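This report refers to the structure that appears directly beneath it.
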Amino acid sequence: MAKKPTPLKPNRTISQRLRHRRRDWVWRQRLKREGKFPEAPGREDKDFPGLAVYAIALLPKYHDWCLSMIDSLRKRGNYHGPVYVVTEDPARFEGLDNVQTITVPYTRYRLVAKSCKQLMLDWTKERHLLYIDADIIIGKPLFEWYQRARPKLDEKPLVLYTGNMPLPGAYHAGLMLMDRERVRPFFDRWLRLIRTGRYQLDQWSMHSIITEDDVARFDDEDMIYLHQILGPGREDFDPEAHREMSPPGTFIHVTNGLMRRYSAGEIKDYLSHVAGLERIPDSFGRNA
1 MAKKPTPLKP
11 NRTISQRLRH
21 RRRDWVWRQR
31 LKREGKFPEA
41 PGREDKDFPG
51 LAVYAIALLP
61 KYHDWCLSMI
71 DSLRKRGNYH
81 GPVYVVTEDP
91 ARFEGLDNVQ
101 TITVPYTRYR
111 LVAKSCKQLM
121 LDWTKERHLL
131 YIDADIIIGK
141 PLFEWYQRAR
151 PKLDEKPLVL
161 YTGNMPLPGA
171 YHAGLMLMDR
181 ERVRPFFDRW
191 LRLIRTGRYQ
201 LDQWSMHSII
211 TEDDVARFDD
221 EDMIYLHQIL
231 GPGREDFDPE
241 AHREMSPPGT
251 FIHVTNGLMR
261 RYSAGEIKDY
271 LSHVAGLERI
281 PDSFGRNA
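Okay, so the sequence shown: first residue is 1 according to our numbering, each after it adds one.
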């Protein structure tokens, strides 16, 4: 029998929860009127049968980072299958090969936007979905990684990395491989809890309900946070000294916290010279 989840104490007040429910309800009513969805599935990559990638890109900063993520997905990840982008500005992604947009209403409320992770199950047809945060860069070809990750879906409907929110060892919701139909019961529970507004972050809601029956874990060395390279003792990044380095992980998560901590120039140097990123984003939390 799976270990029961440990619900967290709600970290939002009653008034905050009520405001969230109102905002979420208003957004969903607009979604019914304004939402635009793909009419047909994308073109399958024979090396990744039945797989589609999706991301959420609301607001200009995330449009910018998502475009770089897709660029790395194609050039470094060698994945050429369907990509779906949930966005309020589909024009930013026009002309990209095998990329389809899902148009949703604008919202500046992060928790409302995060509900698109679960709603995506109704907006696509592919059996397997890989959700990737817009600020994750692909550092290595995905084929070998997928050969190791895909069999985990035969055991559990969802595969996640380990994260550190709301506590060390929790599951990380920024990169998720899933069986679209089998994961639905868990995603339905997760979405209902998010919509209560009880927790500030969707990841905290996940932690409060997830069990070993719902999820398997990835090998954690495949995903690295950029702060692990640009952390204490590595503040003076010299691109010349790192020119010959190979990316340290299949997935490199930049994160907002790192953007606030380091200069844009330093992060750009790393992404270019070590991660091999060709399309460098312009949107950072701190200027060079």
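C-beta atoms are modelled at their ideal positions from N, C-alpha and C, and glycine is treated no differently. In this text the structure is predicted, and so the values were computed from the model without any measurement.
Practice task
Rank Pro-49, Arg-108, Val-99 and Pro-38 by C-alpha distance to the C-alpha of Leu-59 and give the top, closest one.
Solution key: The residue you call residue 59 lines up with position 59 of the sequence shown. Closest by alpha carbon: Arg-108.
Exercise for the section: Keeping to the same chain, check which residues put their C-beta closer than 8 Å to that of Ser-205; ignore five residues upstream and five downstream. Expected result: Position 205 of the sequence shown holds residue 205. Spatial neighbours of Ser-205 in its own chain (CB-CB distance under 8 Å, excluding positions within 5 residues in sequence) are listed in chain order as Trp-190, Leu-193, Ile-194, Arg-198 and Tyr-199.
Problem - Cβ contact (3+ pairs, closer than 8 Å) linking the segment 75-83 and the segment 28-36 - result: No, the segment 75-83 does not touch the segment 28-36.
Practice task
Using beta-carbon positions only, say whether Leu-177 and Leu-142 come within less than 8 Å of one another.
Solution key: Translated into the one-based positions of the sequence shown, residue 177 becomes position 177. Translated into the one-based positions of the sequence shown, residue 142 becomes position 142. No. Outside cutoff.
Problem - Cβ contact (3+ pairs, closer than 8 Å) linking the segment 258-266 and the segment 145-159 - result: The answer is no - the segment 145-159 does not touch the segment 258-266, with fewer than three Cβ pairs under 8 Å.
Problem - Per DSSP, cross-strand counterpart(s) of Ile-252 - result: Counted from its first residue, the sequence shown places residue 252 at position 252. BP columns for Ile-252 point to Ile-137 and Ile-224.
Exercise for the section: Drop a sphere of 10 angstroms on the beta-carbon of Gly-233, count the other beta-carbons inside from all chains shown, and report buried for 16 or more, exposed for fewer. Expected result: For the purposes of this step, residue 233 is identified with residue 233 of the sequence shown, where counting begins at 1. The pLDDT assigned to Gly-233 is 49, lower than 50, so where the model puts this residue is not dependable, and the model offers no usable value.
Handout entry: One or two residues paired with Ala-55 in a DSSP bridge
Key = If you number the sequence shown from 1, residue 55 lands on position 55. Ala-55 is bridged to Val-85.
Exercise for the section: Would you be able to state if there are at least three C-beta pairs under 8 Å between the segment 85-99 and the segment 47-58? Expected result: The segment 47-58, when compared against the segment 85-99, does touch it at the 8 Å Cβ threshold.
Problem - For Tyr-171, the first and last residue of its enclosing beta strand (DSSP E) - result: Locating residue 171 in the sequence shown gives position 171, where the first residue counts as 1. Note, Tyr-171: beta strand (DSSP E), 171-179.
Problem - Element boundaries [beta strand (DSSP E), containing Val-99] - result: Against the sequence shown, residue 99 aligns to sequence position 99. 99-103 is the extent of the beta strand (DSSP E) around Val-99.
Practice task
Spell out the partners DSSP gives Leu-158 in its beta bridges.
Solution key: By one-based count along the sequence shown, residue 158 stands at place 158. BP columns for Leu-158 point to Met-178.
Practice task
Measure the C-alpha to C-alpha separation of Asp-214 and Trp-65 and round it to an integer number of angstroms.
Solution key: To locate residue 214, count along the sequence shown from 1; it is residue 214. To locate residue 65, count along the sequence shown from 1; it is residue 65. The C-alpha of Asp-214 lies about 30 Å from the C-alpha of Trp-65.
Handout entry: Extent of the continuous alpha helix (DSSP H) run through His-207
Key = Position 207 of the sequence shown, counted from the first residue, corresponds to residue 207. Going by DSSP, His-207 is part of the alpha helix (DSSP H) stretching over 202-209.
Problem - Spatial neighbours of Phe-48 in its chain, beta-carbon cut-off 7 Å, leaving aside the 5 residues before and after - result: As a position in the sequence shown, residue 48 is number 48, starting the count at 1. Shown here for Phe-48: same chain residues with a beta carbon closer than 7 Å to its own, the five before and five after excluded, namely Tyr-79, Gly-81 and Tyr-146 in chain order.
Practice task
Please say whether Ile-252 and Lys-268 have beta carbons closer to each other than 8 Å?
Solution key: Sequence index remark: in the sequence shown, residue 268 carries index 268 (1-based). Sequence index remark: in the sequence shown, residue 252 carries index 252 (1-based). Result no, Cβ atoms of Lys-268 and Ile-252 do not sit closer than 8 Å.
Problem - Distance, Asp-24 Cα to Pro-12 Cα - result: Position 12 of the sequence shown, counted from the first residue, corresponds to residue 12. Position 24 of the sequence shown, counted from the first residue, corresponds to residue 24. Here residue 12 is Arg; the residue named in the question, Pro, does not match the sequence. Roughly 15 Å separates the two Cα atoms.
Problem - Bridge partner(s) assigned by DSSP for Leu-129 - result: Position 129 of the sequence shown, counting from 1, holds the residue named residue 129. Per DSSP, Ala-52 and Met-178.
Practice task
Output yes or no for whether 8 Å exceeds the beta carbon distance between Asp-202 and Ala-170.
Solution key: Within the sequence shown, the letter at position 202 stands for residue 202. Within the sequence shown, the letter at position 170 stands for residue 170. Contact check for Asp-202 against Ala-170 fails: the beta carbons are separated by 8 Å or more.
Problem - Tyr-106 burial status per 10 Å Cβ neighbour count (16 or more: buried) - result: Taking the sequence shown and counting its residues from 1, one reaches residue 106 at position 106. Answer is exposed; the Cβ neighbour count stays below 16.
Exercise for the section: Note down, in chain order, each residue of its chain lying with its Cβ closer than 7 Å to the Cβ of Ala-149, except the 5 sequence neighbours on either side. Expected result: As a working note, residue 149 is residue 149 in the sequence shown. The answer, listed in chain order, is Val-159, Leu-177 and Phe-218.
Practice task
Determine the contact status of Tyr-270 and Leu-226, defining contact as a CB-CB distance below 8 Å.
Solution key: Residue mapping note: residue 270 aligns to position 270 of the sequence shown, counting from 1. Residue mapping note: residue 226 aligns to position 226 of the sequence shown, counting from 1. Yes. Within cutoff.
Exercise for the section: Name, in chain order, the residues that DSSP records as bridge partners for Lys-36. Expected result: Here residue 36 corresponds to residue number 36 of the sequence shown, with the count starting at 1. Paired residue(s): Thr-103.
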